[in-house]
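> For reference, the structure I am asking about is given below.
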Amino acid sequence: MALKISPAELLRAIPSVQELLQSPRWQEYSIHPRLLKTIIQEEVENFRQRIVLRRPARSLRPGDVEGILLDQIQQKLEALTTPRLQPVVNATGIILHTNLGRAPLSAAAQEAILTIAGRYCNLEIELYSGKRGERNQHIESLLHLLTGAEAGLIVNNNAAAVLLVLNTLCRRKEVPVSRGELVEIGGAFRMPDVMKMSGARMVEVGTTNKTHLRDYREAISERTGAILKVHPSNYRILGFTAQATVSELVDLAHQHEIPLVYDMGSGAIEDLGQWEAPHEPVPREMIKMGVDILTFSGDKLPGGPQAGVIVGKKAYIQRIKKNPLTRALRCDKLTYAALEATLRLYVNPAQLPKTLPVVEMLTRSVAELDSMGKEIIRQVGSSAAFKMELTEAESQMGSGTLPLESIPSRALTVRSASRSPHKLAEMLRKHSPPIIGYVKDDLLWLNLRSVLPDESAHIVSALREIAGKKIGKN
Ligand SMILES: *Cc1c(COP(=O)(O)O)cnc(C)c1O
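Okay, so the sequence shown: first residue is 35 according to the numbering used here, each after it adds one.
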């Protein structure tokens with residue numbers, strides 16, 4: 035029978051903070067004594083609370099208390115000295131996964147970041163004149179070349195871009211927007227809320243499924259600041275539907291001498307159709323149709339860093355650049371470096387399947403995924419711990435891009451007699467680097483379309499670990 039140990043006895047066994055500070059265990063950590071003391075105090079307090087609330091392990095004896103506390107403090111120190119933000123293997127099949135950081139950057143963009151990160155750079159200086167420069171100059175000519183727009187700038191993200199455009203051009207003015215386009219994007223981006231924050235007054239026009247040109251026309255008055263069109267990124271309205279076309283809206287806006295602002299969301303700088311992917315609106319085509327201002331994300335289809343790209347007519351862009359809010363939403367040098375390098379890849383679009391990870395993953399053939407899967411299965415070898423199969427699967431672009439289109443893919447499905455698929459998923463998340471799969475039909479799925487070519491070795495080692503095998507030899 036277990037001895038009944040009173041909480042008071044356990045509390046008495048807790049060493050003082052001073053005693054704990056003296057432990058030789060802390061010598062290997064380079065941490066200021068004051069911060070070490072804070073950590074120890076907090077861990078002692080947590081421990082005390084658990085005893086008071088009678089939540090320690092039942093078998094806890096006074097003699098164990100010090101050792102357990104020291105271990106807990108050490109775990110805290112370990113956590114402090116290892117980076118929390120770390121690479122993970124994306125086996126969800128969702129190429130632009132917002133929770134996993136959206137677009138993995140190209141080699142060119144990574145190099146651009148590294149080149150300037152630890153040095154000074156010409157972010158805001160004109161090297162030929164020595165005068166103060168403007169940070170957007172570094173990307174404006176590329177944006178012009180690729181989209182045909184007269185001018186452009188970038189801000190923190192596309193949500194910021196929409197906010198800034200509406201605040202500059204439509205504050206205290208009315209903005210007609212279709213009831214079918216009042217988008218909510220994940221993470222609390224709701225078009226009506228953003229419009230309100232910008233100071234623009236939203237005028238809903240049309241109905242959810244149909245908005246005709248005349249609905250917009252009837253909503254326009256001398257109070258109107260712009261017409262807003264929003265790409266329904268993450269949903270589609272199907273069936274009995276109608277939407278005024280972009281060129282009709284351009285004509286209508288220009289008849290009233292107001293701009294047409296188009297929030298494109300993803301913004302496929304190159305038409306995906308050339309790689310047999312479904313069509314997303316292309317900025318260049320929209321500018322050609324006469325759209326005055328376009329906004330889109332840098333880290334969705336463009337495959338670059340987080341940024342909100344604003345391009346359009348010079349007169350409007352100049353007003354936007356002068357808005358004090360622009361200063362609050364500006365990007366840092368690392369973003370300019372990465373976006374510039376990413377945009378430069380589009381100068382030679384035929385090479386994008388090789389140079390840009392997002393396009394590489396999108397265009398990878400199912401045959402390639404098949405051989406990747408087969409190779410993983412071969413290297414893991416047979417195991418008593420689980421059964422693995424190569425299965426047909428579907429992939430998605432993600433981040434509200436091409437929401438209805440699924441891309442054919444292949445997945446490894448893992449089934450274990452002794453462990454639930456959720457347990458397997460958890461074990462893979464705890465691997466280093468973590469591997470993020472999903473559970474479906476009572477199986478664990480590792481979808482290969484979003485796994486980068488050099489990451490299959492991590493999947494092999496994680497599965498071998500679960501199988502209880504040594505890593506390394508086949
Ligand atoms: C994704 C998206 C946004 C938000 O863009 P972020 O870059 O994530 O801030 C805004 N509007 C539309 C239509 C979108 O698809």
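Note that the Cβ used here is the ideal one computed from N, Cα and C, for glycine as well.
On the three-state DSSP scale, how would you describe Leu47?
One detail in the question is off: residue 47 reads as Ala in this sequence, not Leu. Coil.
> Does ligand 1 have even one heavy atom less than 8 Å from the beta-carbon of Gly342?
Yes, since a heavy atom of ligand 1 falls inside the 8 Å radius drawn around the Cβ of Gly342.
> Does at least one heavy atom of ligand 1 sit under 8 Å from the Cβ of Val264?
Within the cutoff, so yes.
> Can you grab the Cα-Cα spacing for the pair Leu424 / Leu478, in whole Å?
Cα-Cα distance, rounded: 12 Å.
> Using three-state DSSP, classify Asn382 as helix, strand or coil.
Reduced to three states, the DSSP call for Asn382 is coil.
> To the nearest angstrom, how far is it from the Cα of Gln289 to the Cα of Thr279?
The straight-line gap from Cα to Cα measures roughly 16 Å.
> In the segment 273-344, which residue ranges form an unbroken beta strand (DSSP E) of at least 3 residues, counting only runs that do not cross its ends?
The segment 273-344 contains these whole beta strand (DSSP E) runs: 294-299, 327-331.
> Please list, in chain order, all residues of the same chain as Thr369 whose beta carbon is under 6 Å from its beta carbon, the five residues on each side excluded.
Only Pro339, Ala341 meet the Cβ criterion.
> To which residues of the same chain is Ser429 closer than 8 Å at the C-beta, ignoring the five residues directly before and after it?
Correct list, in chain order: Gly127, Ile128, Ile129, Ser440, Ile441, Pro442, Ser443, Asn481, Arg483, Ser484.
> Tell whether a beta-carbon distance below 9 Å holds between Val239 and Ala253.
Yes, the pair counts as a contact, with Cβ atoms nearer than the cut-off.
> Looking at the structure shown, is Pro96 part of a helix, part of a strand, or coil, going by DSSP?
Helix at Pro96.
> From Gly97, Leu103, Arg68, pick the residue whose C-alpha is nearest to that of Gln83; which is it?
It is Leu103 whose Cα lies nearest to the Cα of Gln83.
> Could you check whether the Cβ of Gly299 sits closer than 8 Å to any heavy atom belonging to ligand 1?
The answer is yes for Gly299.
> Could you spell out where the alpha helix (DSSP H) holding Tyr250 opens and where it closes?
It spans 247-253 - the alpha helix (DSSP H) in which Tyr250 sits, taken as one unbroken run.
> Any idea which residues DSSP pairs Leu478 with across the strands?
Leu478 pairs with Val448, Val473.
> Would you decide whether Glu174 is buried or exposed? Buried here means 16 or more other CB atoms lie within 10 Å of its CB.
So Glu174 ends up on the buried side.
> Does the distance between the C-beta of Asn268 and the nearest non-hydrogen atom of ligand 1 fall short of 8 Å?
Asn268: yes, Cβ under 8 Å from ligand 1.
> Per DSSP, what kind of secondary structure is Met236 in: helix, strand or coil?
Met236 falls in the strand class under three-state DSSP.
> Locate the alpha helix (DSSP H) running through Ser212, then write down its first and last residues.
That residue, Ser212, is in no alpha helix (DSSP H); its beta strand (DSSP E) goes 208-212.
> Quick one: what's got a C-beta closer than 6 Å to Glu184's C-beta in the same chain, skipping five residues either side?
Closer than 6 Å at Cβ, skipping near neighbours: Lys347, Lys348.
> In whole angstroms, what separates the C-alpha of Ile344 from that of Arg89?
Rounded to whole angstroms, Ile344 to Arg89 spans 55 Å at the Cα level.
> Would Leu379 pass as a contact of Gln385 if the rule is Cβ separation under 9 Å?
Going by C-beta atoms, Leu379 is nearer than 9 Å to Gln385.
> Pick helix, strand or coil for Arg361, following the three-state DSSP scheme.
Looking at Arg361 - three-state DSSP - the assignment turns out to be helix.
> Pull up the distance between the alpha-carbon of Gly301 and that of Lys334, whole angstroms please.
Approximately 8 Å between the Cα atoms of the pair.
> For Leu497 and Leu462, what's the separation of their Cα atoms in angstroms?
Looking at the two C-alpha atoms, the distance is approximately 8 Å.
> At the level of alpha carbons, what is the spacing between Arg166 and Glu145?
Computed Cα separation, rounded: 26 Å.
> With distances taken between CB atoms, is the gap from Thr329 to Asp297 smaller than 9 Å?
Yes; because the gap between Cβ atoms is below 9 Å, this pair is in contact.
> Let me check you understand the geometry: is the CB of Thr376 closer than 8 Å to at least one non-hydrogen atom of ligand 1?
Every heavy atom of ligand 1 is 8 Å or more from the Cβ of Thr376, so no.
> Would you give the residue range spanned by the alpha helix (DSSP H) that Met395 belongs to?
Residues 391-397.
> Pop quiz: Ile303 and Leu180 are said to be a contact at Cβ under 8 Å. What is the actual Cβ separation, rounded to whole angstroms?
The Cβ separation is near 6 Å, so the contact holds.
> Output the distance between the C-alpha atoms of Ile65 and Pro121, rounded to the nearest integer angstrom.
Distance between the alpha carbons of Ile65 and Pro121 is about 25 Å.
> Which of the three DSSP states is assigned to Asn80 in this structure?
Reduced to three states, the DSSP call for Asn80 is helix.
> Hey, out of Asp326, Lys367, Ala451, whose CA is closest to Ile261's CA?
The option with the nearest alpha carbon to Ile261 is Asp326.
> Going residue by residue through the segment 101-167, where are the continuous alpha helix (DSSP H) segments of at least 4 residues, counting only ones entirely within it?
Segments of the alpha helix (DSSP H) lying fully in the segment 101-167: 141-151.
> Under 8 Å: does the beta carbon of Lys334 sit that close to some heavy atom of ligand 1?
Indeed, a heavy atom of ligand 1 lies less than 8 Å from the Cβ.
> Near Leu390, what residues of its chain come up, given a Cβ to Cβ distance below 6 Å and the 5 sequence neighbours on each side ignored?
The answer, listed in chain order, is Ser140, Gly337, Leu379.
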